[in-house]
Amino acid sequence: MTAPRPNLSSIAFWDVDMQKLNYNDNARFVIEKIMNYGLWADILEILRFYGHERVKAEVVQARYLKKKTLSFCCAIFDLTPDQFRCYTQQQSNPTPWNY
């Protein structure tokens, strides 16, 4: 018997074989990819699949979130940027462009 899988589009997973992905063991990876690159329907699906509290806990520990994604997560989870790991431990060599 196979483990349940969320019904996600492949847009955020261009670099991963989605059939081999373990959605329970790699929850943070999946959530981070969907929040940064997924469709609105994908975000709703991970909230349904993992639950609001699990998504909130994982996204707070994410190593990288785009600035817009961070702002979005602050709004939907009622948090401040300084509560996110990606905000408090930013890369020492940030990306060369600010878009």
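Taken in order, the sequence shown gives residues 3 to 101; the numbers are from our numbering. Idealized CB from N, CA, C, for every residue including glycine.
Given this structure, state the Cα-to-Cα distance separating residue i from residue j, to the nearest angstrom.
| i | j | result |
| --- | --- | --- |
| D44 | Y89 | 24 Å |
| N26 | V18 | 16 Å |
| Q21 | W42 | 21 Å |
| F86 | F31 | 15 Å |
| E47 | H54 | 11 Å |
| G40 | I13 | 6 Å |
| T82 | I36 | 20 Å |
| R7 | E60 | 18 Å |
| W16 | A29 | 17 Å |
| S11 | K68 | 20 Å |
| D84 | K70 | 15 Å |
| R50 | R65 | 23 Å |
Looking only at its own chain, which residues have a Cβ that is under 8 Å from the Cβ of residue i, when we skip the five neighbours before and after it?
| i | result |
| --- | --- |
| N9 | E47 |
| D74 | Residue 74 is actually Phe in this sequence, not Asp. Within the same chain, F74 has close Cβ partners M37. |
Starting from the C-beta of residue i, find all residues in its chain whose C-beta is less than 7 Å away, skip the five residues before and the five after it, and write them out in chain order.
| i | result |
| --- | --- |
| C76 | T82 and P83 |
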